[in-house]
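Asker: Would you mind keeping the following structure in view while I ask a few things?
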Amino acid sequence: MQSRRPAATVVAALLLGACATQRRVDPDAPIPGQGVAPPAAAAGASTFGEPAAIYQRMGLLAPAAPVPFVGAVRFVATARPDSTLALLAVSLQNRALTFVRDGDRYRAAYEVRAEFRQGGRVARRVEAQQLVQVASYRETSRGDESVIFQQTLPLPPGQYTLSVAVRDGGSARSASQDAAVTVPQLRPAGLATPVIVYEATARASADSAPRLVASPRASFTFGRDTAATVYLEGYGAGASLPVRLTARGDQGALLWADTVRLAARGGALFSGVVPVPLAPLGVGRVVTLVASRDDAPATTSDAPLFVTFGDELPVTTFEEMLSYLRFFGSRARIDALRKAPPTERAAAWGAFSRATDPTPSTPQNEALRDYFQRIALANARYRDEGGNGWLSDRGRVYVTVGDPDQIYQQGGVDMNARGRAQVWEYRAERVQLVFVDQSGFGRWRLTQQSEAELRALVLRRAPGRGAD
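When we follow UniProt numbering, the leftmost residue of the sequence shown carries the number 1, and every step to the right adds one.
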């Protein structure tokens with residue numbers, strides 16, 4: 001059973017930040033010392049570009065801008081009953097940071113500040129300045145969970161307010177978010193919070209911090225990842241500790257269940273690393289993983305996880321994905337996805353992806369990848385037309401059939417004149433699509449004749465269309 005591994009950046013364990021090592025520097029990279037600023041977010045973009053809403057729904061810290069990060073806090077026991085060890089993990093994307101050339105590499109700095117407050121008192125504070133190094137210019141624009149910061153902090157059990165702030169060291173940009181946190185009392189017979197990890201070694205003693213690399217986003221890619229790796233701990237007496245694991249969907253439906261036995265490690269500590277298969281969980285849904293003690297079913301703890309649709313595709317729910325796909329694939333194929341029961345959605349998505357993949361020999365579906373890249377570009381290009389740019393008439397045409405070979409205006413150069421026309425010419429098919437600005441305010445509308453021509457063009461050009 002295959003679980004995830006960190007993609008390419010080397011993530012640090014426990015008290016360190018992250019740095020990257022690869023060996024090739026792109027020939028089109030900036031000159032030494034020149035900053036590589038992150039791309040600005042497109043105005044009017046939905047959660048397609050910044051999936052903060054999904055992560056917040058999972059109970060994670062997730063400000064969308066101007067420095068998007070995802071933060072999670074999990075809890076394990078210490079050797080003392082009056083203290084619990086909080087594991088704070090924060091993940092960033094490389095593209096959220098400003099990189100500068102540093103010899104044959106690129107580096108960026110960031111700062112993390114976190115406080116656990118109780119009333120007006122700061123119980124624990126973390127301030128850390130971290131450095132990220134990558135070997136190629138291309139890596140500076142990575143959009144996955146490529147930088148992970150971790151810190152462990154002992155805290156007395158109780159109610160706290162957690163405040164986390166992240167600042168890009170190469171600019172004035174920063175973001176922060178607060179959350180109410182309950183630090184549980186885990187001794188003498190509790191159950192630690194399940195921790196979704198990239199890798200972990202079972203802790204042998206509660207006197208030390210766990211050796212693991214957490215995945216704050218707890219997100220997996222359908223078709224690439226087959227299992228979620230979960231680190232579990234329990235406390236009490238005995239030779240082993242049976243723990244019941246269940247995965248439940250958005251409405252509480254049971255998706256998967258199993259019982260595992262955690263090995264005794266000494267000092268009333270039980271721990272283990274458990275793979276959770278992803279196939280039964282489906283795709284595009286928030287799943288809650290619940291752990292409960294067999295000897296005390298009321299003693300439970302839980303953690304969220306999410307199965308995404310694929311590399312370079314948006315982190316979104318199944319229902320939202322269907323909305324995004326309105327200009328992709330045949331209506332019959334989209335309807336088949338829509339009608340699939342929740343337990344069959346993963347299989348339905350796999351069939352859809354295979355049917356629309358222009359190059360099955362590669363690991364990606366290039367047609368879907370390019371389609372969603374066009375959505376992002378349309379949101380930036382046509383944001384002045386109100387709402388999401390990809391849903392405007394010009395955005396819709398661009399997302400569906402791509403850039404024209406030529407664009408020219410009719411009706412003069414006065415930008416405020418009514419009745420101006422903009423013509424998009426697709427020479428290979430000998431098609432001209434005409435947009436008219438009847439208001440004079442830049443609200444371009446496709447003419448009725450061009451709507452018919454677009455439908456005909458779509459049948460010839462768009463991936464996965466035609467008879468099914």
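Glycine included, C-beta positions come from ideal geometry on N, C-alpha and C.
#1: Tell me which residues share the same chain as leucine 60 and place their Cβ nearer than 6 Å to its Cβ, disregarding the 5 neighbours each side in the sequence.
#2: If I follow the unbroken beta strand (DSSP E) through arginine 187, where does it start and stop?
#3: Go ahead and label leucine 325 buried or exposed: buried means 16 or more other beta carbons lie within 10 angstroms of its beta carbon, across all protein chains shown.
#4: In this structure, does DSSP put aspartate 168 in helix, strand or coil?
#5: Could I get the ranges of all uninterrupted alpha helix (DSSP H) runs contained in the segment 384-458, with 4 residues as the minimum, in chain order?
#6: Check leucine 322 in the structure and name its three-state DSSP category.
#7: Do the CB positions of tyrosine 235 and glycine 190 come within less than 9 Å of each other?
#8: Can you list, in chain order, the residues of its chain whose CB lies under 6 Å from that of serine 450, leaving out five sequence neighbours each side?
#9: So the alpha helix (DSSP H) glutamine 130 belongs to, where does it begin and stop?
#10: Alpha carbon to alpha carbon, how far is tryptophan 424 from glutamine 410?
#11: Is there a C-beta anywhere in chain C that falls below 9 Å from the one on leucine 255?
#12: Which value, in whole angstroms, describes the spacing of the CA atoms of serine 46 and asparagine 388?
#13: Check whether the segment 102-109 and the segment 75-86 are in contact - that is, three or more C-beta pairs closer than 8 Å.
#14: Is the beta carbon of leucine 446 closer than 9 Å to that of glutamate 429?
#15: Can you look up alanine 467 in the DSSP assignment and give me helix, strand or coil?
#16: Run through the segment 185-255 for me and flag every whole beta strand (DSSP E) of 3 or more residues, listed as ranges in chain order.
#17: Measuring straight from C-alpha to C-alpha, what distance separates arginine 173 and alanine 355?
#18: What residue range does the beta strand (DSSP E) around tyrosine 137 cover?
#19: If we count the other Cβ atoms within 10 Å of its Cβ and call it buried at 16 or more, is glutamine 150 buried or exposed?
#20: Quick one: what does DSSP say arginine 80 is sitting in, helix, strand or coil?
#21: I think arginine 244 touches serine 292, with their Cβ atoms under 8 Å apart; what is that distance to the nearest whole Å?
#22: Quick one: any contact between the segment 325-341 and the segment 252-265, if contact means 3 or more CB pairs under 8 Å?
#23: Mind checking valine 100: buried by the 16 CB within 10 Å criterion, or exposed?
#24: Is the segment 139-147 touching the segment 178-186, taking contact as three or more C-beta pairs under 8 Å?
#25: When DSSP labels each residue in this structure, what does proline 342 get in the three-state scheme?
#26: So what does DSSP say about residue 492, is it helix, strand or coil?
#27: Could you pull the DSSP bridge partners for serine 301 from this structure?
#28: Sort Phe441, Arg420, Ala452 by Cα distance to valine 431 and report the nearest one.
#29: Would you mind sorting serine 271 into buried or exposed? The rule is 16 or more other CB atoms within 10 Å of its CB.
#30: For a test of the three-state rule: what should DSSP assign to glycine 158, helix, strand or coil?
#31: Is it a yes or a no for the segment 191-207 touching the segment 158-169, going by three-plus beta-carbon pairs under 8 Å?
#32: Nearest to proline 154 by alpha carbon, out of Gly386, Glu115, Pro242, Val213?
#33: Grab me the residues of leucine 212's own chain with a C-beta within less than 6 Å of its C-beta, minus the 5 sequence neighbours each way, in chain order.
#34: Should phenylalanine 220 be labelled buried (16 or more other beta-carbon atoms within 10 Å of its own) or exposed?
#35: In whole angstroms, give me the CA-to-CA distance for alanine 165 and glutamine 406.
Answerer: For this structure:
#1: If you ignore the 5 residues before and after leucine 60, its C-beta comes within less than 6 Å of the C-beta of Val70, Ala72, all in its own chain and listed in chain order.
#2: Where arginine 187 is concerned, there is no enclosing beta strand (DSSP E), given that its DSSP letter is neither H nor E.
#3: Counting the other Cβ atoms within 10 Å of the Cβ of leucine 325 gives 16 or more, which makes it buried.
#4: Looking at aspartate 168 - three-state DSSP - the assignment turns out to be strand.
#5: Scanning the segment 384-458 from its first residue to its last, the whole alpha helix (DSSP H) runs of 4-plus residues come out as 393-401.
#6: In this structure, leucine 322 counts as helix in the three-state DSSP scheme.
#7: In this structure, the beta-carbon distance from tyrosine 235 to glycine 190 falls below 9 Å.
#8: Only Leu433, Val434 meet the Cβ criterion.
#9: Not the alpha helix (DSSP H): glutamine 130 falls in the beta strand (DSSP E), residues 121-134.
#10: In this model, tryptophan 424 and glutamine 410 are separated by some 11 Å (Cα to Cα).
#11: Of the protein chains in this structure there is only one, and it is not chain C.
#12: Caution is warranted here: a pLDDT of 41 is assigned to serine 46, below 50, making its placement in the model unreliable, and no coordinate value can be reported.
#13: Proximity of the segment 102-109 to the segment 75-86 falls short of the contact definition, fewer than three beta-carbon pairs being nearer than 8 Å.
#14: Not in contact: glutamate 429 and leucine 446 (Cβ atoms no closer than 9 Å).
#15: The pLDDT assigned to alanine 467 is 40, lower than 50, so where the model puts this residue is not dependable, and the model offers no usable value.
#16: Runs of the beta strand (DSSP E) inside the segment 185-255: 195-201, 211-214, 219-221, 227-235, 240-248.
#17: If you take the alpha carbons of arginine 173 and alanine 355, they lie about 43 Å apart.
#18: Element bounds for tyrosine 137: n/a, residue is neither H nor E.
#19: Label assigned to glutamine 150: buried.
#20: Three-state DSSP puts arginine 80 in coil, outside helix and strand.
#21: Confirmed, about 5 Å.
#22: Short answer: they don't touch.
#23: Around the C-beta of valine 100, 16 or more other C-beta atoms lie within 10 Å, and the residue is accordingly described as buried.
#24: Counting C-beta pairs with one atom in each stretch, the segment 139-147 and the segment 178-186 have fewer than three that are closer than 8 Å, which means they do not touch.
#25: Residue state, collapsed to three classes: helix.
#26: Residue numbering for the chain in the displayed model covers 1 to 468; residue 492 lies beyond these limits and cannot be assessed.
#27: Within the DSSP secondary-structure output, serine 301 pairs in a beta bridge with Ala291.
#28: Comparing alpha-carbon positions, the option among Phe441, Arg420, Ala452 lying closest to valine 431 turns out to be Ala452.
#29: Buried.
#30: Strand at glycine 158.
#31: No, the segment 191-207 is not in contact with the segment 158-169.
#32: Among Gly386, Glu115, Pro242, Val213, the Cα nearest to that of proline 154 belongs to Glu115.
#33: For leucine 212, where only same-chain residues beyond five positions count, the Cβ hits under 6 Å are Val197, Ala200, Tyr231.
#34: Around the C-beta of phenylalanine 220, 16 or more other C-beta atoms lie within 10 Å, and the residue is accordingly described as buried.
#35: In this model, alanine 165 and glutamine 406 are separated by some 46 Å (Cα to Cα).
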